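Residue numbers (full-length UniProt numbering): 1 to 568.
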């Protein structure tokens, strides 16, 4: 089911339907090609919401399995556990109807055929022996899911379990379709072991052979262990997704949603749980950086050699006593053990030897042209390389931390929305632009963080091609800082609470027109800034994509020319 978009409606909702705004500030700057009047939004479904919308009711609508984000329908679907179970049931029913197979056999055969029903049916009817070959490949027998109880058990109060050799009532014995019986305790232990070792197939093997058992037996065995049952269900879903190259399970440990993206390439996915991940690599979302750049950056952060680079650039052993000395500013002459500012040697630390930081020799004599010191076995780390890493890391950390801090404001903003709605005549939905702004700020922080990673690896290569990238990044920073300041004030609940108290004192439950104008003025500004931040964020991503495409084209052309030259 698709979501329609209506460009005639206010993008973030409006709380100024009957009250004049009084807001006379110019609209925030927009990137080239952006329009501050393009405020269409998807119509919200009249059906009950099945999960909280990450961007607020007026910015994200959910109908079926499709989303409209910021006025445009996105190109991926998200399915919950029940959705996938229903899809599997439909595929199994279709295959069973054509082939007259039992359910567990149909499930196993379909998994072998990557849940392509037509391909499975084609293989099934390929030849007279193809059915048995396919069943053998799937490790199943086309027999009823629950076999009949052995005739010799009739009238018996206790029977022997072949798994643990205990005597148990016949009603406590359960069997796999292959005919192997065991007590529930044995099945529970077997399924627990399978679940703990991560089952790679939808149907685990029997306790006594390699044949697969029905999912009903798995659920019954793990019913008393909800944590393991939940783990098995997650792997069950991952098994469905793994066999479909256009699907991926959300990597969040507590999430059971699966995204289906027909293009099957890298892009950031917003899961209904609020987690953002890359469809291409399955890691946390890193747009606009590529999967390879994100992987290199993560490896760099985890690489202890970067700490070594910093140490080698900032710390050296005293040439007299060997004590490690850190240079954190000042001239080139150092005194072993002396405090950087007081110049006092702590008792027991340092020998007091004064030396030149450049050549690591005594400070006596002239040092205007001394030869730079190089430690034995030095690998020659360049200062510029370390400086670039430190600068990029600082920008990256600042924005990633900013993203996390922004999301912590969400509860305060929601409280403000509810309080304001309760004490005034404004409905909560008219204030949803506040929640939308929080999510836009967080998303912009994440985008800027990873834009710095792209810049770290490609800005020098891109040269003048990255001028628009830099301009959009700087403009996004400016608009974002302003919007974040407003949101932090609302999230902290200080200015709004004070204003609400004034309104309550003046009018009780009603709101004076002057006070309403003040609220609407802030609302208009927040809405405009949110749209501006969104447009600059998209423009920044677009510039990265354009620059990356040009660099890739140039690289391919150079490689082709080099290959042609070598052949000539």
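The beta carbon of each residue, even a glycine, is placed where N, CA and C say it ideally should be.
Computed from a predicted structure; not experimentally measured.
Nearest to residue 224 (by Cα), restricted to the options 241, 207 and 191: Indexing the chain shown from 1 puts residue 224 at position 224. Here the closest residue by C-alpha is 191.
Pull up the distance between the alpha-carbon of residue 195 and that of residue 253, whole angstroms please. Residue 195 sits at position 195 when you count from the first residue of the chain shown. Residue 253 sits at position 253 when you count from the first residue of the chain shown. C-alpha separation (whole angstroms): 15 Å.
With residue 77 as the anchor, note down where its beta strand (DSSP E) starts and where it stops. Within the chain shown, numbered from 1, the residue matching residue 77 stands at position 77. Note, residue 77: beta strand (DSSP E), 77-79.
Here's the rule: buried if 16 or more other CB atoms are within 10 angstroms of the residue's CB, otherwise exposed. What is residue 25? Your numbering for residue 25 matches position 25 in the chain shown. In this prediction, residue 25 has a pLDDT of 41, which is less than 50 and means its spatial position is unreliable; what the coordinates show is noted afterwards. By the 10 Å Cβ count, residue 25 comes out exposed.
State the Cα-Cα distance for the pair residue 232 and residue 256, rounded to the nearest angstrom. One-based indexing of the chain shown puts residue 232 at position 232. One-based indexing of the chain shown puts residue 256 at position 256. For residue 232 and residue 256, the distance between alpha carbons rounds to 11 Å.
For residue 353, does the three-state DSSP call read helix, strand or coil? Within the chain shown, numbered from 1, the residue matching residue 353 stands at position 353. If DSSP states are grouped into helix, strand and coil, residue 353 belongs with coil.
Backbone CA spacing between residue 131 and residue 116 [nearest angstrom]: Taking the chain shown and counting its residues from 1, the one referred to as residue 131 is at position 131. Taking the chain shown and counting its residues from 1, the one referred to as residue 116 is at position 116. Spanning the two alpha carbons is a distance of roughly 16 Å.
Closer than 7 Å by C-beta to residue 234: which residues in its own chain qualify, once you throw out the five before and the five after it? Chain order, please. The residue you call residue 234 lines up with position 234 of the chain shown. Counting only Cβ-Cβ distances below 7 Å, and skipping sequence neighbours, we find 256.
Helix, strand or coil: how does DSSP classify residue 276 here? As a first step, residue 276 is located in the chain shown; it is residue number 276 there, counting from the start. Residue 276 falls in the strand class under three-state DSSP.
Let me know the secondary structure DSSP gives residue 146 once reduced to three states. Stepping through the chain shown from its first residue, residue 146 is reached at position 146. In the structure shown, residue 146 falls within a coil segment according to DSSP collapsed to helix, strand and coil.
Between 452, 440, 270 and 75, which lies nearest to residue 396 when the distance is taken from Cα to Cα? Position 396 of the chain shown, counted from the first residue, corresponds to residue 396. The shortest Cα separation from residue 396 among 452, 440, 270 and 75 belongs to 452.
DSSP on residue 469, reduced to helix/strand/coil? On the chain shown, residue 469 is found 469 positions in, with the first residue counted as 1. In the structure shown, residue 469 sits in a helix (DSSP, three-state: H, G or I).
Cβ pair residue 547, residue 465 closer than 8 Å: Position 547 of the chain shown, counted from the first residue, corresponds to residue 547. Position 465 of the chain shown, counted from the first residue, corresponds to residue 465. Their beta carbons are under 8 Å apart, which means residue 547 touches residue 465 by this criterion.
Close-in-space but distant-in-sequence residues of the same chain around residue 570 (CB under 6 Å, 5 per side omitted): No statement about residue 570 is possible, as the shown extent of the chain runs from 1 to 568 and does not include it.
Among 79, 145, 181 and 171, whose alpha-carbon lies nearest the alpha-carbon of residue 161? On the chain shown, position 161 is the one that residue 161 refers to. The candidate whose alpha carbon is nearest that of residue 161 is 181.
With burial defined as no fewer than 16 other Cβ atoms inside 10 Å of the residue's Cβ, what is the status of residue 113: buried or exposed? Here residue 113 is taken as the residue at index 113 of the chain shown, counted from 1. The residue is buried, with at least 16 neighbouring Cβ atoms inside 10 Å.
Can you tell me whether residue 260 is helix, strand or coil according to DSSP? One-based indexing of the chain shown puts residue 260 at position 260. Here residue 260 sits in strand by DSSP.
Figure out for me which residue from 365, 351, 352 and 371 has the closest Cα to the Cα of residue 358. Stepping through the chain shown from its first residue, residue 358 is reached at position 358. Among 365, 351, 352 and 371, the Cα nearest to that of residue 358 belongs to 371.
For the candidate residues 421, 258, 245 and 136, whose alpha-carbon lies nearest to that of residue 210? Start at 1 with the first residue of the chain shown, and residue 210 comes out as number 210. Out of 421, 258, 245 and 136, 136 has the C-alpha closest to the C-alpha of residue 210.
Using alpha carbons as the reference points, say which of 266, 284 and 559 lies closest to residue 274. Position 274 of the chain shown, counting from 1, holds the residue named residue 274. The residue from 266, 284 and 559 with its alpha-carbon nearest to that of residue 274 is 284.
Spatial neighbours of residue 360 within its chain, please: CB distance less than 6 Å, with the 5 preceding and 5 following residues excluded, ordered by chain position. The residue given as residue 360 occupies position 360 in the chain shown. Correct list, in chain order: 319 and 373.
Proximal residues to residue 237 (C-beta, below 7 Å), its chain only, five neighbours per side dropped: Within the chain shown, the letter at position 237 stands for residue 237. Hits under 7 Å: 81, 84, 249, 256 and 258.
Is there a Cβ of chain C sitting closer than 8 Å to that of residue 258, yes or no? Among the chains of the structure shown, chain C does not appear; only one protein chain is present.
Using DSSP with H/G/I as helix, E/B as strand and the rest coil, what is residue 207? Position 207 of the chain shown, counting from 1, holds the residue named residue 207. Three-state result, residue 207: coil.
Counting only the same chain and skipping the five closest in sequence on each side, list residues whose C-beta sits under 7 Å from that of residue 142. For the purposes of this step, residue 142 is taken as residue 142 along the chain shown, with counting starting at 1. The residues are 101, 102, 105 and 135.
Taking only three categories from DSSP, how would you classify residue 450? Locating residue 450 in the chain shown gives position 450, where the first residue counts as 1. Note: residue 450 maps to helix in three-state DSSP.
Where does residue 95 fall in DSSP's three states? Counting from one through the chain shown, the residue named residue 95 turns up at place 95. Residue 95 falls in the helix class under three-state DSSP.
When the Cβ atoms of the segment 418-434 are set against those of the segment 522-530, are three or more pairs found closer than 8 Å? yes
Since residue 213 and residue 203 should fall inside the 8 Å C-beta cutoff, what is the C-beta to C-beta distance between them, to a whole number of angstroms? In the chain shown, residue 213 corresponds to position 213, counting from 1. In the chain shown, residue 203 corresponds to position 203, counting from 1. Yes, they are in contact, since the Cβ atoms of residue 213 and residue 203 sit about 6 Å apart, within 8 Å.
Considering only C-alpha positions, which residue in the set 400, 282, 455 and 219 is nearest to residue 543? By 1-based counting over the chain shown, the position of residue 543 is 543. Minimum Cα distance to residue 543 is reached at 455.
Nearest residue (CA-CA) to residue 536, options 266, 187 and 448: Here residue 536 refers to the residue found at position 536 of the chain shown. Minimum Cα distance to residue 536 is reached at 448.
In this structure, does DSSP put residue 168 in helix, strand or coil? For this step, residue 168 is matched to residue 168 along the chain shown. Strand at residue 168.
So, are the CB atoms of residue 365 and residue 352 less than 8 Å apart? Working through the chain shown from its first residue, we reach residue 365 at position 365. Working through the chain shown from its first residue, we reach residue 352 at position 352. Cβ distance not < 8 Å, so residue 365 and residue 352 don't count as in contact.
Mind listing, in chain order, the continuous alpha helix (DSSP H) runs of no fewer than 4 residues lying wholly within the segment 276-303? 291-302
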